[in-house]
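Undergrad: Here the protein sequences come in this chain order: F and H. Position 189 of the first sequence, counting from 1, maps to 189 under UniProt numbering, and the rest follow consecutively. Position 302 of the second sequence, counting from 1, maps to 302 under UniProt numbering, and the rest follow consecutively. Just so you know, even glycine gets a beta-carbon here, dropped at the ideal spot from N, CA and C. Have a look at this one before I ask anything.
Number of protein chains: 2
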Amino acid sequence: MTQSVDHETVVSRLLSADEILILCHKNPDGDTIGSGTALCLALQKLGKTAAVLCSDPIPAMYAFLPITVFDGSFTPHFVVAVDVAGIQLFGDRNNMPQYAEHVDLCIDHHGSNSGYAYETMLDDHAAATAELLTALIPEMGVEITPDIAACLYTGIATDTGCFRFTNTTAATHRAAAALIEAGADVENLNERLFECRSHARMAAERMALESLEFYYDNRCALICLTWDQIQAAGVAGAELEDLTSLPRSIEGVEVGLTLRQQKDGSYKISVRTGHDTNACNIARRLGGGGHPRAAGCEISGNLDNAKHAILDEVKKELDRSASLNAAES
Amino acid sequence: MTQSVDHETVVSRLLSADEILILCHKNPDGDTIGSGTALCLALQKLGKTAAVLCSDPIPAMYAFLPITVFDGSFTPHFVVAVDVAGIQLFGDRNNMPQYAEHVDLCIDHHGSNSGYAYETMLDDHAAATAELLTALIPEMGVEITPDIAACLYTGIATDTGCFRFTNTTAATHRAAAALIEAGADVENLNERLFECRSHARMAAERMALESLEFYYDNRCALICLTWDQIQAAGVAGAELEDLTSLPRSIEGVEVGLTLRQQKDGSYKISVRTGHDTNACNIARRLGGGGHPRAAGCEISGNLDNAKHAILDEVKKELDRSASLNAAES
Numbered sequence: 001m002t003q004s005v006d007h008e009t010v011v012s013r014l015l016s017a018d019e020i021l022i023l024c025h026k027n028p029d030g031d032t033i034g035s036g037t038a039l040c041l042a043l044q045k046l047g048k049t050a051a052v053l054c055s056d057p058i059p060a061m062y063a064f065l066p067i068t069v070f071d072g073s074f075t076p077h078f079v080v081a082v083d084v085a086g087i088q089l090f091g092d093r094n095n096m097p098q099y100a101e102h103v104d105l106c107i108d109h110h111g112s113n114s115g116y117a118y119e120t121m122l123d124d125h126a127a128a129t130a131e132l133l134t135a136l137i138p139e140m141g142v143e144i145t146p147d148i149a150a151c152l153y154t155g156i157a158t159d160t161g162c163f164r165f166t167n168t169t170a171a172t173h174r175a176a177a178a179l180i181e182a183g184a185d186v187e188n189l190n191e192r193l194f195e196c197r198s199h200a201r202m203a204a205e206r207m208a209l210e211s212l213e214f215y216y217d218n219r220c221a222l223i224c225l226t227w228d229q230i231q232a233a234g235v236a237g238a239e240l241e242d243l244t245s246l247p248r249s250i251e252g253v254e255v256g257l258t259l260r261q262q263k264d265g266s267y268k269i270s271v272r273t274g275h276d277t278n279a280c281n282i283a284r285r286l287g288g289g290g291h292p293r294a295a296g297c298e299i300s301g302n303l304d305n306a307k308h309a310i311l312d313e314v315k316k317e318l319d320r321s322a323s324l325n326a327a328e329s
Numbered sequence: 001m002t003q004s005v006d007h008e009t010v011v012s013r014l015l016s017a018d019e020i021l022i023l024c025h026k027n028p029d030g031d032t033i034g035s036g037t038a039l040c041l042a043l044q045k046l047g048k049t050a051a052v053l054c055s056d057p058i059p060a061m062y063a064f065l066p067i068t069v070f071d072g073s074f075t076p077h078f079v080v081a082v083d084v085a086g087i088q089l090f091g092d093r094n095n096m097p098q099y100a101e102h103v104d105l106c107i108d109h110h111g112s113n114s115g116y117a118y119e120t121m122l123d124d125h126a127a128a129t130a131e132l133l134t135a136l137i138p139e140m141g142v143e144i145t146p147d148i149a150a151c152l153y154t155g156i157a158t159d160t161g162c163f164r165f166t167n168t169t170a171a172t173h174r175a176a177a178a179l180i181e182a183g184a185d186v187e188n189l190n191e192r193l194f195e196c197r198s199h200a201r202m203a204a205e206r207m208a209l210e211s212l213e214f215y216y217d218n219r220c221a222l223i224c225l226t227w228d229q230i231q232a233a234g235v236a237g238a239e240l241e242d243l244t245s246l247p248r249s250i251e252g253v254e255v256g257l258t259l260r261q262q263k264d265g266s267y268k269i270s271v272r273t274g275h276d277t278n279a280c281n282i283a284r285r286l287g288g289g290g291h292p293r294a295a296g297c298e299i300s301g302n303l304d305n306a307k308h309a310i311l312d313e314v315k316k317e318l319d320r321s322a323s324l325n326a327a328e329s
């Protein structure tokens, strides 16, 4: 079991360590890379040897961050994981066999953190690990430089959808203010992080919009992508995942459905709902599950069967919600 | 000429006034409505009679704000304009003939403010008029209630594209933090303001993506909408305007073009460029103009002619930028 530690302990551990390896999670996002790079820069400013390691390549959109990738040129004596909630999230550990097994310190904001590290600093009220580090780095006696500010802003902005997601708090905005004052060039960063859509993303959106259908007085919207379309567009995991929020985002839509055909022909269905209906109720009766506003299930058979089955469940849930509302009023 | 006034003077004017009419600008956005409603609530909390007036109807997406619309039930003795940069922006003044001519006080953040009011409090560093009011309302001795916070957050968030646009500063984030602490329900507000796309918007995006073409090694992207398509989709001004940022937002695109056919058959062309090229150079030689990164022109004749003419100018500008870059390196 991990030991829970406070800022003061973390600062003392980092200040007394050297040859520090910083581990990020697999499929790296802006928070794990931004936090890892910011911590690495801060440790280097203190004259320490430090580098960052991730099982997957750094995505092109984060290549502008001044990351020192671990190249084996030193033997790590202290291992810190940033934004990694569980040991399985290190990914394929071929390039870090011994390190991921003995993590000295974990700095994270995921309430689900499994406690795999020897010591853990966890704050699940923080919108991003980078929000924690915005406080921690000055406590290490390191001034936040424009480079460090850019890394931390990247972490916070990407984990909050640019301050749009529900994890955004007053403290998140205060951290952003401090980073802008420290020299984060938000014009440039926001353009890099949010104004650039990949060709694959555009292709995915086009496919989605062309397949858009409405049901039940426009209360339900559905998009459908066949395996062949997905292959032809060259659309990968994250772009497809993002599409699942599209149908629900349309004015007046309470239930948004995304049907994606799998290689074996079956349909993976994502269900997103508004405040009045329960996505899990819809998915559960088809053998799936999830959360009240985001759930999923899988249906084998052809498209007509899949649509028919899921739309039946949507109808039941819309009716249930309508009768509840009628009873209340 | 208007008198420029500071916070203290504005507070004293507002505290000594009563029967206050607050004017918003035409085609009202989140900032003018949010600011007007927040100021109205603050004045009402002080026991004053106040109401808000706009030449256009309040858009449905802002109908949730607790706005007191002026219904003629009192005779205004003090007129305040919020977020209105010039007298022509009051719009059709049929419902406010006498008031817009004699504005006692203007509170605004547009550097272009024409100074039409008797006194003006202007801060063009503020991202939104609502950012100014976040400081001003407590100075009036009024606590920011959750309702006022929701209005002011709406103004700031909409004017900054949810903290994405270049007008966003550290002060903007600090204002947002204060409003969240005062009770602005950002989960609910962000969903209302940013997660909801109109059917017309979806139709416009679909049209745009279906017409998307690339030129010059994908350095130029072009979308084209005919008059018939625009009519069929029922797409109005703001949704069409928003589309003009789409082609430039695609990975690797330096010049984004949007061609919109007008009723008379001519094409209105919007040019958006990245850091390396000048939109105004492109538009100017076709009789248009604008800014370095956003410009426009109009070309009569058929679509092939319009495309040919604008793409020729794009080519020249891309070549000019390439030779500049070559000379520098």
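Counting pairs of beta carbons, one from the segment 124–137 of chain F and one from the segment 153–168 of chain F, are three or more of them closer than 8 Å?
TA: yes
Undergrad: Establish whether the CB of residue 64 of chain H and some CB of chain F are separated by less than 8 Å.
TA: no
Undergrad: Would you list, in sequence order, the uninterrupted alpha helix (DSSP H) runs of no fewer than 4 residues that lie entirely inside the segment 144–198 of chain H?
TA: 146–159, 170–181 and 186–194
Undergrad: CA-CA distance, residue 184 of chain H and residue 150 of chain H?
TA: Each residue's alpha carbon lies about 5 Å from the other.
Undergrad: What is the rounded straight-line gap between the Cα of residue 216 of chain F and the Cα of residue 102 of chain F?
TA: 55 Å
Undergrad: Assign residue 37 of chain H to one of two classes, buried (16 or more other C-beta atoms within 10 Å of its C-beta) or exposed (fewer than that).
TA: By the 10 Å Cβ count, residue 37 of chain H comes out buried.
Undergrad: Answer with buried or exposed for residue 3 of chain F, where buried requires no fewer than 16 other C-beta atoms within 10 angstroms of its C-beta.
TA: exposed
Undergrad: Report the rounded CA-to-CA distance for residue 139 of chain F versus residue 206 of chain F, giving the unit in angstroms.
TA: 48 Å
Undergrad: For a contact defined as C-beta to C-beta under 7 Å, what are the partners of residue 169 of chain H on chain F?
TA: 180
Undergrad: Taking Cβ-Cβ distances below 7 Å as the criterion, which residues of the segment 192–206 of chain F are in contact with chain H?
TA: Answer in chain order: 194, 195, 196, 197, 198, 199, 202, 205 and 206.
Undergrad: With which residues is residue 298 of chain H paired in a DSSP beta bridge?
TA: H:268
Undergrad: So if I threshold CB-CB distances at 7 Å, which residues from the segment 148–176 of chain H count as touching chain F?
TA: 162, 163, 164, 166, 168, 169, 170, 173, 174 and 176
Undergrad: For the 8 Å Cβ check, are there 3 or more pairs between the segment 85–92 of chain H and the segment 43–62 of chain H?
TA: yes
Undergrad: What does DSSP give as the partner residues of residue 258 of chain F in its beta bridges?
TA: Looking at the DSSP assignment, residue 258 of chain F forms a beta bridge with F:223 and F:270.
Undergrad: Roughly how many angstroms lie between the CA atoms of residue 226 of chain H and residue 71 of chain F, to the nearest whole one?
TA: 55 Å
Undergrad: Have a look at the DSSP bridge pairing and note the partners of residue 119 of chain F.
TA: F:3 and F:105
Undergrad: Tell me which same chain residues have a C-beta within less than 6 Å of the C-beta of residue 10 of chain F, skipping the five on either side of it?
TA: Within the same chain, 121 come within 6 Å of residue 10 of chain F by CB-CB distance, once the 5 residues on both sides are set aside.
Undergrad: For residue 270 of chain H, is the classification buried or exposed, using 16 other Cβ atoms within 10 angstroms of its Cβ as the cut-off for buried?
TA: buried
Undergrad: So what does residue 213 of chain H bridge to, in DSSP terms?
TA: Note: residue 213 of chain H sits in a beta bridge opposite H:222.
Undergrad: Anything in chain H within Cβ reach of residue 209 of chain F, meaning under 8 Å, just list it in chain order.
TA: What residue 209 of chain F touches in chain H, judged by beta-carbon distance under 8 Å, is 202, 205, 206 and 209, going in chain order.
Undergrad: Is the separation between the beta-carbon of residue 105 of chain H and that of residue 84 of chain H shorter than 8 Å?
TA: no
Undergrad: Thinking C-beta only, is residue 272 of chain F closer than 8 Å to residue 256 of chain F?
TA: yes
Undergrad: If you measure from the beta carbon of residue 251 of chain H to each beta carbon in chain F, is any gap under 8 Å?
TA: Judged by the 8 Å Cβ criterion, residue 251 of chain H is in contact with chain F.
Undergrad: Looking at the structure shown, is residue 85 of chain H part of a helix, part of a strand, or coil, going by DSSP?
TA: Here residue 85 of chain H sits in coil by DSSP.
Undergrad: Here's the rule I'm using: 16 or more other beta-carbon atoms within 10 Å means buried, otherwise exposed. How should residue 75 of chain H be labelled?
TA: Residue 75 of chain H is exposed by the Cβ-count criterion.
Undergrad: Taking a contact to mean a Cβ-Cβ separation below 8 Å, would you say residue 136 of chain F touches residue 82 of chain F in this structure?
TA: no
Undergrad: Applying the 10 Å Cβ sphere with the 16-neighbour rule, what's the burial state of residue 69 of chain F?
TA: With a threshold of 16 other beta carbon atoms within 10 Å, residue 69 of chain F falls short and is exposed.
Undergrad: According to DSSP, is residue 290 of chain F part of a helix, a strand, or is it coil?
TA: strand
Undergrad: If you follow the alpha helix (DSSP H) that residue 50 of chain H is part of, which residue opens it and which one closes it?
TA: Note, residue 50 of chain H: premise wrong, no alpha helix (DSSP H); beta strand (DSSP E) at 50–53.
Undergrad: Give the C-beta separation of residue 41 of chain H and residue 107 of chain H to the nearest angstrom, bearing in mind that I take them to be a contact with Cβ-Cβ under 8 Å.
TA: Rounded, the Cβ-Cβ distance is 15 Å, inconsistent with contact.
Undergrad: Between residue 69 of chain H and chain F, is any beta-carbon pair separated by less than 8 Å?
TA: no
Undergrad: Checking 8 Å against the spacing of the C-beta atoms, do residue 48 of chain F and residue 29 of chain F come in under that value?
TA: Taking 8 Å as the cut-off, the Cβ atoms of residue 48 of chain F and residue 29 of chain F do not count as close.
Undergrad: For residue 212 of chain H, which residues in chain F fall below 8 Å Cβ to Cβ?
TA: 202 and 206
Undergrad: Applying a beta-carbon distance threshold of less than 8 Å, which residues of chain F neighbour residue 186 of chain H?
TA: 166 and 168
Undergrad: Out of F:300, F:280 and F:194, state which residue places its alpha-carbon closest to the alpha-carbon of residue 250 of chain H.
TA: F:194
Undergrad: Within 8 Å (strictly less), CB to CB, does residue 190 of chain F reach chain H?
TA: The beta-carbon of residue 190 of chain F is placed less than 8 Å from the nearest beta-carbon of chain H.
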